[in-house]
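Peer 1: I'd like to ask you about the structure that follows.
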Amino acid sequence: MFKVLKTEESARRGEFSCAHGGTVQTPVFMNVGTQGAIKGGVSAHDLKEIGCQIELSNTYHLHLRPGDAIVRKMGGLHKFMDWEGPILTDSGGFQVFSLAPLRKIREEGVSFASHIDGHKIFMGPEESMQIQSNLGSDIAMAFDECVENPATYEYAKISCERTARWLERCKAEHDRLNCLPEAVNPRQMLFGINQGATFPDLRIAHMKRIQEIDCEGYAIGGLAVGEPTQVMYDIIDAVEPYMPREKPRYLMGVGTPSNIIEAVARGVDFFDCVMPSRNGRHGKLFTWEGTVNILNEKYAADPNPISPTCSCPVCRSFSRAYLRHLFKADEVLALRLAVLHNLWFYNELMAKIRRALDGDCFAEFREKYSGKLEERV
RNA sequence: GGGGGAAUUCCAGAGCGGUCAAAUGGGGCAGACUGUAAAUCUGUUGCCUACGGCUUCGAUGGUUCGAAUCCAUCUUCCCCCA
Numbered sequence: 004m005f006k007v008l009k010t011e012e013s014a015r016r017g018e019f020s021c022a023h024g025g026t027v028q029t030p031v032f033m034n035v036g037t038q039g040a041i042k043g044g045v046s047a048h049d050l051k052e053i054g055c056q057i058e059l060s061n062t063y064h065l066h067l068r069p070g071d072a073i074v075r076k077m078g079g080l081h082k083f084m085d086w087e088g089p090i091l092t093d094s095g096g097f098q099v100f101s102l103a104p105l106r107k108i109r110e111e112g113v114s115f116a117s118h119i120d121g122h123k124i125f126m127g128p129e130e131s132m133q134i135q136s137n138l139g140s141d142i143a144m145a146f147d148e149c150v151e152n153p154a155t156y157e158y159a160k161i162s163c164e165r166t167a168r169w170l171e172r173c174k175a176e177h178d179r180l181n182c183l184p185e186a187v188n189p190r191q192m193l194f195g196i197n198q199g200a201t202f203p204d205l206r207i208a209h210m211k212r213i214q215e216i217d218c219e220g221y222a223i224g225g226l227a228v229g230e231p232t233q234v235m236y237d238i239i240d241a242v243e244p245y246m247p248r249e250k251p252r253y254l255m256g257v258g259t260p261s262n263i264i265e266a267v268a269r270g271v272d273f274f275d276c277v278m279p280s281r282n283g284r285h286g287k288l289f290t291w292e293g294t295v296n297i298l299n300e301k302y303a304a305d306p307n308p309i310s311p312t313c314s315c316p317v318c319r320s321f322s323r324a325y326l327r328h329l330f331k332a333d334e335v336l337a338l339r340l341a342v343l344h345n346l347w348f349y350n351e352l353m354a355k356i357r358r359a360l361d362g363d364c365f366a367e368f369r370e371k372y373s374g375k376l377e378e379r380v
C-alpha cells in the first residue's frame, strides 16, 4: 500500500505500508544488511536506535550462506535477524553485474560459480522468487540483469528485453508462491526493475513495458555503475514521467547524499546504498558540514565529536581523536561506531527531506545542501 | 679472560664491487569506494631550484675508474667457552 501525501514539483512525500513494521515514511533510505547484518558489527537492534525504517538484504548471498531453507526453518529473515520492521530483498540481479567474471547469462537465467567455493548455482526468475519467498521479506525485487557501463545499444536492448520477460516469469511465480499455505510472508510484494543502460529510448520503452505487469512498485536499476552523475540524473528525468504516480519509485543502489536529494527532486521515493556503511568502515564519515576522513592526521588530538551538529550516539559520546585511535589500533569498535554514525546521518538526511517536503521548503533544502555534502571538511 | 658473529633508509629485513636512493613486510601519510566477492583496493614514504641533481647503508681512514658491498682501526650490540 502506497499513498502520496503531498508533492512539491516532482518531489513526493509518501507513506508505504507492508506486512511488518507498520508504515514507512517516504522518501526513505533502506539500510543495507546484505547477509542479514549491517557490515561493521551493527545489529537489527542498533538499526532501531539510529532511525532505520526499512532494511535491505540480498537473495544471492543468503541463498549461499546460510541457505534460504535454513532461514525459512528459523521462521524467516525477520525472526532470524530479530528485525520487526520491513525488509526488502534484492533479487541477485546486482550480482549478475558485480560477479560478472563468475557467471553466464542465458534466457532461462544465470549460472554463477559461487564466489565462496566455486560451486555452480543456477538462478533464474523462479529461483530468485522461491528464495525470496523462503526469506519472507516484505518486498521482493524482480530478478533482472544490472548491465555494466558502458554498454552498447545492441546489448542493452537485448538485455532489457530479456529482463522484461524475466519480470513476467517473476510475477507469475511470485503470485503462485504467495498463495501457498506455507508461505512465510503471504503479503510479500513484488517490485519490477527498469533497465536500458544510458539510452533514454530503451529506458522509456522498457518502463512502459514493465508497468503492464502489475507490481506494487517500480525501481530504476542499472544506474550509478560508473556513468557520469549527470547521465544518471538525465535518465531519471527521462523515465520518471512514465512511472506510475500512485506507486513507489525506488532508485537502486544510490547514492551520495547529493544524489539522493537530486533524485528526490526528480520523484524518487526509495533508496539504498552501501556507501554509508562501506565508507564508514573505511573511515570516511558524512556530516552536515561535509565529509570527514577520520584517519587524517589532523584529527589525532581533536577532542570534538565527528560533527558538532550531529546528535547520534557516537557524536554524543566520543571524540574524533578516540575514533581515529580505534581505527589506527584496528579495534572493531571503530567500524561499528563509524557505521552507526553514517547510517544515523543517512536516516536523518531522509527525515530532513521529509520535513522539508512537509513544510513546502524542499526547494530551499535542495539549494542549501545539494552538491555540498560531499565536500571535505 | 679467550673465541666467534653483527651493525642497511621510521621498524624488521634483503642486498655482498658497477644495472642501488637501495628488494620485501610492517608502520606512517594520502586517495578511492554508489541494488557489498570490500575491516578492501591504490598511490606515496632520504633531500632538492626535480624527464636532472645532491647527500645516505655504525665511525674514521684506505684499496679501486667505481664501495652498502673489499681492507684497517675504533665504537656498540649479540652468541659461545672459561
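For the first sequence, the numbering used here assigns the number 4 to the initial residue and increments by one for each residue that follows.
Ideal placement from N, C-alpha and C gives every residue a C-beta, glycine not left out.
Nothing here was measured: the structure is a model prediction, and the numbers come from that model.
#1: Buried or exposed: which applies to M132, given that a residue is buried once 16 or more other Cβ atoms fall within 10 Å of its Cβ?
#2: Residue range of the alpha helix (DSSP H) that S114 falls in?
#3: Can the beta-carbon of I343 be found less than 9 Å from the beta-carbon of V45?
#4: Whether or not the segment 254 to 271 and the segment 367 to 375 are in contact is what I'm after, with contact meaning three or more pairs of Cβ atoms, one per stretch, closer than 8 Å; do they touch?
#5: Taking buried to mean at least 16 other C-beta atoms within 10 Å of its own C-beta, is K174 buried or exposed?
#6: Using C-beta distances below 6 Å, list every residue in its chain close to H64, excluding the 5 sequence neighbours before and after it, in chain order.
#7: So the candidates are T62, A22, T26; which of them puts its Cα closest to the Cα of I124?
#8: Could you name the residues of the same chain whose beta carbon sits closer than 7 Å to that of P184, not counting the 5 residues immediately before and after it, in chain order?
#9: Look up M77 in the DSSP assignment and say whether it is helix, strand or coil.
#10: With a 10 Å radius around its C-beta and 16 neighbouring C-beta atoms as the bar for buried, classify Y158 as buried or exposed.
#11: Compare the Cα-Cα distances from A167 to each of V187, R206, R190 and report the closest residue.
#12: So for D272, helix, strand or coil by DSSP?
#13: Between which two residues does the alpha helix (DSSP H) holding L170 run?
#14: Classify E58 as helix, strand or coil using the three-state DSSP reduction.
#15: Report the CB separation of R357 from Q28 in whole angstroms; it is logged as a contact under 8 Å.
#16: Please determine if the segment 311 to 321 and the segment 333 to 350 are in contact, where contact requires at least 3 C-beta pairs separated by less than 8 Å.
#17: Is T155 buried or exposed, if buried means 16 or more other CB atoms sit within 10 Å of its CB?
#18: When burial is assigned at 16 or more other CB atoms within 10 Å of the CB, is I57 buried or exposed?
#19: Check whether the Cβ of R75 sits closer than 8 Å to any heavy atom of the ligand COA, and report yes or no.
#20: Can you tell which of G283, T312, P306 has the C-alpha that lies nearest to the C-alpha of W291?
#21: Considering only residues of the same chain and omitting the five flanking positions on each side of E151, which have a CB-CB separation below 7 Å?
#22: Please determine if the segment 206 to 218 and the segment 104 to 113 are in contact, where contact requires at least 3 C-beta pairs separated by less than 8 Å.
#23: Would you mind giving the Cβ-Cβ distance between M255 and A208, rounded to the nearest angstrom? I have them listed as a contact below 8 Å.
#24: Take S322 as the anchor and find which of P244, A332, A303 has the nearest alpha-carbon.
#25: For Q28, write down the residues that DSSP places opposite it in a beta bridge.
#26: Give me whichever residues DSSP pairs with L193 in a beta bridge.
#27: Nearest to G25 by CA position, among W86, I73, G78, is which residue?
Peer 2: Taking the geometry as given:
#1: For the purposes of this step, residue 132 is taken as the residue at position 129 of the first sequence. By the 10 Å Cβ count, M132 comes out buried.
#2: The residue given as residue 114 occupies position 111 in the first sequence. Not the alpha helix (DSSP H): S114 falls in the beta strand (DSSP E), residues 113 to 116.
#3: Locating residue 343 in the first sequence gives position 340, where the first residue counts as 1. Locating residue 45 in the first sequence gives position 42, where the first residue counts as 1. Inspection of the sequence shows that residue 343 is occupied by Leu rather than by Ile. It is a contact, given that the beta carbons lie within the stated cut-off.
#4: yes
#5: Looking up residue 174 in the first sequence gives position 171. Per the 10 Å Cβ criterion, buried.
#6: Residue 64 sits at position 61 when you count from the first residue of the first sequence. Cβ contact annotation for H64 (same chain, cutoff 6 Å, sequence separation greater than five): T37, Q38, in chain order.
#7: Position 121 of the first sequence, counted from the start, is the residue given in the question as residue 124. For I124, the nearest C-alpha among the options comes from T62.
#8: Residue numbering aside, residue 184 sits at position 181 when the first sequence is read from its first letter. Cβ neighbours of P184 beyond the five flanking positions: none.
#9: Residue numbering aside, residue 77 sits at position 74 when the first sequence is read from its first letter. Reduced to three states, the DSSP call for M77 is coil.
#10: The residue labelled residue 158 in the question sits at position 155 within the first sequence. Burial call: exposed.
#11: Numbered from 1 along the first sequence, position 164 holds the residue referred to as residue 167. Among V187, R206, R190, the Cα nearest to that of A167 belongs to R206.
#12: For the purposes of this step, residue 272 is taken as residue 269 along the first sequence, with counting starting at 1. Looking at D272 - three-state DSSP - the assignment turns out to be coil, as it is neither helix nor strand.
#13: Against the first sequence, residue 170 aligns to sequence position 167. L170 -> alpha helix (DSSP H) spans 156 to 182.
#14: As a first step, residue 58 must be located in the first sequence, where it is residue number 55. The DSSP-derived three-state label of E58 is strand.
#15: Against the first sequence, residue 357 aligns to sequence position 354. Against the first sequence, residue 28 aligns to sequence position 25. The Cβ separation is near 6 Å, so the contact holds.
#16: At 8 Å Cβ cutoff, the stretches touch.
#17: Looking up residue 155 in the first sequence gives position 152. Under this definition T155 is an exposed residue.
#18: In the first sequence, counting from the first residue as 1, residue 57 sits at position 54. By the C-beta density criterion, I57 is buried, having at least 16 other C-beta atoms within 10 angstroms.
#19: Ligands displayed in this structure: none; no statement on the ligand COA is therefore possible.
#20: Translated into the one-based positions of the first sequence, residue 291 becomes position 288. W291 has its Cα closest to that of T312, out of G283, T312, P306.
#21: Mapped onto the first sequence, residue 151 falls at position 148. Answer for E151: F100, A103, V228, listed in chain order.
#22: At 8 Å Cβ cutoff, the stretches do not touch.
#23: In the first sequence, the residue the question calls residue 255 occupies position 252. In the first sequence, the residue the question calls residue 208 occupies position 205. Not confirmed; about 19 Å, so no contact.
#24: On the first sequence, position 319 is the one that residue 322 refers to. Taking only the C-alpha atoms, the option nearest S322 is A303.
#25: As a position in the first sequence, residue 28 is number 25, starting the count at 1. E18, per the DSSP bridge assignment.
#26: In the first sequence, residue 193 corresponds to position 190, counting from 1. For L193, which the question treats as bridged, DSSP gives the partners A143.
#27: Taking the first sequence and counting its residues from 1, one reaches residue 25 at position 22. Ranking W86, I73, G78 by Cα distance to G25 puts W86 first.
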